[in-house]
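**Q** I have a structure I would like to understand better, so I am pasting it below and will then ask my questions one at a time.
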Amino acid sequence: MHSLAPESLMMSYGYKPEWSEGAVKCPIFQTSTFVFKSAKEGKEFFEIAYGKREKSPEEQPGLIYSRLNNPDLQILEERLTLWDGADECAVFESGMSAISTVLLEFLRPGDALLYSKPVYGGTDHFINKVLPQYGIEGVGFTNAMDEETLISIAQGKNVKLIYIETPANPTNALFDLTLCKKVADRLSTPENQVYVVVDNTYMGPLWQHPLKLGADLVVYSATKYIGGHSDLIAGAVLGRSELMQRVRTLRTFLGNMAGPWTGWLLMRSLETLKVRMTQQAKNAEKVADFLKNHPKVSRVYYLGHLEEGDPQYEIFKHQLSSAGAMVSFDIEGGEEAAFRFLDNLKLFKLAVSLGSTESLAEHPATMTHSDVDEGDRAEIGISENLVRLSIGVEYFEDLIWDISEALEKA
Numbered sequence: 001m002h003s004l005a006p007e008s009l010m011m012s013y014g015y016k017p018e019w020s021e022g023a024v025k026c027p028i029f030q031t032s033t034f035v036f037k038s039a040k041e042g043k044e045f046f047e048i049a050y051g052k053r054e055k056s057p058e059e060q061p062g063l064i065y066s067r068l069n070n071p072d073l074q075i076l077e078e079r080l081t082l083w084d085g086a087d088e089c090a091v092f093e094s095g096m097s098a099i100s101t102v103l104l105e106f107l108r109p110g111d112a113l114l115y116s117k118p119v120y121g122g123t124d125h126f127i128n129k130v131l132p133q134y135g136i137e138g139v140g141f142t143n144a145m146d147e148e149t150l151i152s153i154a155q156g157k158n159v160k161l162i163y164i165e166t167p168a169n170p171t172n173a174l175f176d177l178t179l180c181k182k183v184a185d186r187l188s189t190p191e192n193q194v195y196v197v198v199d200n201t202y203m204g205p206l207w208q209h210p211l212k213l214g215a216d217l218v219v220y221s222a223t224k225y226i227g228g229h230s231d232l233i234a235g236a237v238l239g240r241s242e243l244m245q246r247v248r249t250l251r252t253f254l255g256n257m258a259g260p261w262t263g264w265l266l267m268r269s270l271e272t273l274k275v276r277m278t279q280q281a282k283n284a285e286k287v288a289d290f291l292k293n294h295p296k297v298s299r300v301y302y303l304g305h306l307e308e309g310d311p312q313y314e315i316f317k318h319q320l321s322s323a324g325a326m327v328s329f330d331i332e333g334g335e336e337a338a339f340r341f342l343d344n345l346k347l348f349k350l351a352v353s354l355g356s357t358e359s360l361a362e363h364p365a366t367m368t369h370s371d372v373d374e375g376d377r378a379e380i381g382i383s384e385n386l387v388r389l390s391i392g393v394e395y396f397e398d399l400i401w402d403i404s405e406a407l408e409k410a
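Letter by letter, the sequence shown follows residues 1 to 410 in our numbering.
What follows is the structure in structure tokens.
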């Protein structure tokens, strides 16, 4: 039988029009609670929901309460698993709620996590400012460190997680997921399984599939490419069922699942995800090539410019199917020049976030990553010269015109 591609299944997977008066699109189930047909059915639904028994093969988990499940959320989660090849998905009210729920579920006082540097500024804050209050230590590593170095910095620590953001925000630094999985396996014991968690936000579910490369869980800020229109906040976690059961249970009791309206908007966005991201990647290539040859730009951070012989190139070829749509660059003249550039953009919007249909520009050192330790910023290249661009779906020549005009005034 012919197997349909995810972009085809995004239109209908998991939904039957006859369930909803023949509506071709899944309606918004704007309800807090659901009616049981009988008291016995209510009992059975709760038994499954609270893990008191396993559901039988032909049994479907029933709808109880929108903090537990909702048709919009359930169908959305089923569709999201298709891109990454995951057993299950859980959608959250924000990317940070997805990330923090995973970290809180798999870490306890006295534990440690190895985390890649740089990571998104909110993640960095949670690891270095919040988790230490619970007796949990974050140990950072860069992509210059080899397997033995990672093993050595983990010695004497009760490592439970390796958390990787790759490509890294905002420098596009790549981390070798195969290497990280090897380190996790070496640190694991029969009593202590070390899991690998990957933030795949920069690549979206289209251009990199960490679960197929050995990761145990993948997390997203679904606000970004998955949402793609700067009109919602959401997060997602995907992985195999045994781990997702733990994530989903904590989500239930933290109460940070996405609501039906957000679920409906994300289902709409998934229908155009591939065409949006494909165009954004094409535009980013044009923009990056222009920046590479501009006299006021000293360095461009773009995966499409990696060359053979560079270890980063080898990771790129193994892990990714696209150079993506994020471009950062160092501008000559420091913060003053960077600010003049940003203030003179016309088509680009001066705003944080990324992955949307419109192009955005920001200054990581004073905006998204301003809370990152100053020493860490220096070590990983987040300088006052650095500008980050999220490339949208506009006509590429207009984007280049806008950048060119702003650089002239910088």
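All C-beta atoms in this analysis are idealised placements derived from N, C-alpha and C, irrespective of residue type, glycine included. All figures in this text were calculated on a predicted structure; none of them were measured in a lab.
#1: Ser356 and Ser221 - do their beta-carbons sit closer together than 8 angstroms?
#2: Determine the contact status of Ala361 and Arg377, defining contact as a CB-CB distance below 8 angstroms.
#3: Measuring alpha carbon to alpha carbon, tell me which of Leu103, Leu350 and Thr262 ends up nearest Ile75.
#4: For a quick check, are the C-beta atoms of Ala288 and Ala337 less than 8 angstroms apart?
#5: What three-state label does DSSP hand Asp330 in the structure shown?
#6: For Ala365, which three-state DSSP category applies?
#7: Looking only at its chain, what residues have a beta carbon closer than 8 angstroms to the beta carbon of Leu177, apart from the 5 residues adjacent to it on each side?
#8: Taking C-alpha atoms, which residue in Glu308, Ile380 and Val247 lies nearest to Ser97?
#9: Check the DSSP bridge columns for Gln208 and list the partner residues they point to.
#10: Can you name the residues that DSSP bridges to Val218?
#11: Where in the segment 7-67 do unbroken runs of the alpha helix (DSSP H), each at least 4 residues long, occur, reported from the N-terminal end onward?
#12: Hey, could you find the ends of the beta strand (DSSP E) Ser390 is sitting in?
#13: Using the rule of at least 16 other Cβ atoms within 10 Å of the residue's Cβ for burial, across every protein chain shown, is Trp83 buried or exposed?
#14: With DSSP as the reference, label Lys296 as helix, strand or coil.
#15: I want to check one thing, is the minimum distance from the CB of Val352 to the heavy atoms of the ligand GTP below 7 angstroms?
#16: Tell me, please, whether the segment 135-152 touches the segment 102-111 by the rule of three or more beta-carbon pairs shorter than 8 angstroms.
#17: In the structure shown, what three-state DSSP assignment does Thr178 receive?
#18: Can you check whether the CB of Ser298 is closer than 8 angstroms to the CB of Glu332?
#19: Might you give, ordered along the chain, the residues of its own chain that have their beta carbon closer than 6 angstroms to the beta carbon of Trp19, omitting 5 neighbours on each side?
#20: Quick one: grab the DSSP three-state call for Gly309.
#21: Could you name each continuous alpha helix (DSSP H) segment of 4 residues or more that falls completely within the segment 84-172, going from the start of the chain to the end?
#22: Assuming Met203 is part of the alpha helix (DSSP H), what are its boundary residues?
#23: With Pro190 as the anchor, note down where its alpha helix (DSSP H) starts and where it stops.
#24: Start and end of the alpha helix (DSSP H) containing Phe396?
#25: Determine the DSSP secondary structure at Tyr301, reduced to helix, strand or coil.
#26: Just to check my reading of the structure: Leu113 and Leu161 have Cβ atoms closer than 8 angstroms, yes? What is that Cβ distance to the nearest angstrom?
#27: How should Leu4 be labelled, buried or exposed, when 16 other C-beta atoms within 10 angstroms of its C-beta is the threshold for buried?
#28: Judging by CA-CA distance, which residue of Glu148, Asn158 and Gln245 is the nearest neighbour of Tyr50?
#29: In its own chain, which residues sit with a C-beta less than 8 angstroms from the C-beta of Leu250, not counting the 5 before and 5 after it?
#30: Under the rule that 16 or more other beta-carbon atoms within 10 Å means buried, what is Pro109, buried or exposed?
#31: Any idea which residues DSSP pairs Leu4 with across the strands?
#32: According to DSSP, what are the bridge partners of Lys349?
#33: Which first and last residues belong to the alpha helix (DSSP H) in which Leu265 is found?
#34: Does Thr31 pass the burial test, meaning 16 or more other C-beta atoms within 10 Å, or should it be called exposed?
#35: Given a cut-off of 8 angstroms, decide if Lys182 and Glu147 are closer than it, judged by their beta-carbon atoms.
#36: Opposite Met277 in the DSSP bridges: which residues?
**A** Concretely, from the data shown:
#1: Not in contact: Ser221 and Ser356 (Cβ atoms no closer than 8 angstroms).
#2: Contact flag unset, no.
#3: Of the listed residues, the one whose Cα sits closest to Ile75 is Thr262.
#4: Not a contact, by the Cβ cut-off of 8 angstroms.
#5: Asp330 falls in the strand class under three-state DSSP.
#6: Judged by DSSP in its simplified three-state form, Ala365 adopts helix.
#7: Within its own chain, the residues whose Cβ lies closer than 8 angstroms to the Cβ of Leu177, once the five positions on either side in sequence are excluded, are Ile164, Thr166, Val196, Val198, Pro210, Leu213, Gly214, Ala215 and Gln319, listed in chain order.
#8: When each option's Cα is compared against that of Ser97, the closest is Val247.
#9: According to DSSP, Gln208 bridges with Leu320.
#10: Val218 is bridged by DSSP to Val198 and Leu238.
#11: When DSSP assignments are scanned along the segment 7-67, the uninterrupted stretches of alpha helix (DSSP H) that are 4 or more residues long and fall wholly within it turn out to be 39-49.
#12: Unbroken beta strand (DSSP E) run through Ser390: Leu386 to Ser390.
#13: So Trp83 counts as buried.
#14: In the displayed model, Lys296 falls within coil according to three-state DSSP, outside both helix and strand.
#15: Absent from the structure shown: the ligand GTP. Ligands present: none.
#16: Three or more beta-carbon pairs drawn from the segment 135-152 and the segment 102-111 are found closer than 8 angstroms, and the two stretches are therefore classed as touching.
#17: If DSSP states are grouped into helix, strand and coil, Thr178 belongs with the helices.
#18: Yes. Within cutoff.
#19: Cβ neighbours of Trp19 within its own chain (closer than 6 angstroms, five residues either side excluded): none.
#20: The three-state reading of DSSP puts Gly309 in coil, since its state is none of H, G, I, E or B.
#21: As far as the segment 84-172 is concerned, its whole alpha helix (DSSP H) runs of at least 4 residues are 95-106, 121-125 and 147-154.
#22: Element bounds for Met203: n/a, residue is neither H nor E.
#23: Counting along the chain, Pro190 falls outside any alpha helix (DSSP H), and DSSP gives it neither H nor E.
#24: Phe396 -> alpha helix (DSSP H) spans Phe396 to Glu408.
#25: In the structure shown, Tyr301 sits in a strand (DSSP, three-state: E or B).
#26: Under the criterion of beta carbons closer than 8 angstroms, Leu113 and Leu161 qualify as touching, at roughly 4 angstroms.
#27: Exposed, because fewer than 16 other Cβ atoms sit within 10 Å of the Cβ of Leu4.
#28: The closest CA to that of Tyr50, considering only Glu148, Asn158 and Gln245, is found on Gln245.
#29: Correct list, in chain order: Thr101, Leu104 and Glu105.
#30: For Pro109, the number of other beta carbons within 10 angstroms of its own is below 16, and it is reported as exposed.
#31: Looking at the DSSP output, Leu4 shares a beta bridge with no other residue.
#32: Lys349 is bridged to Leu360.
#33: Where Leu265 is concerned, the enclosing alpha helix (DSSP H) stretches over Pro260 to Leu270.
#34: Label assigned to Thr31: exposed.
#35: By the CB criterion at 8 angstroms, Glu147 and Lys182 fall inside the cutoff.
#36: According to DSSP, Met277 shares a beta bridge with no other residue.
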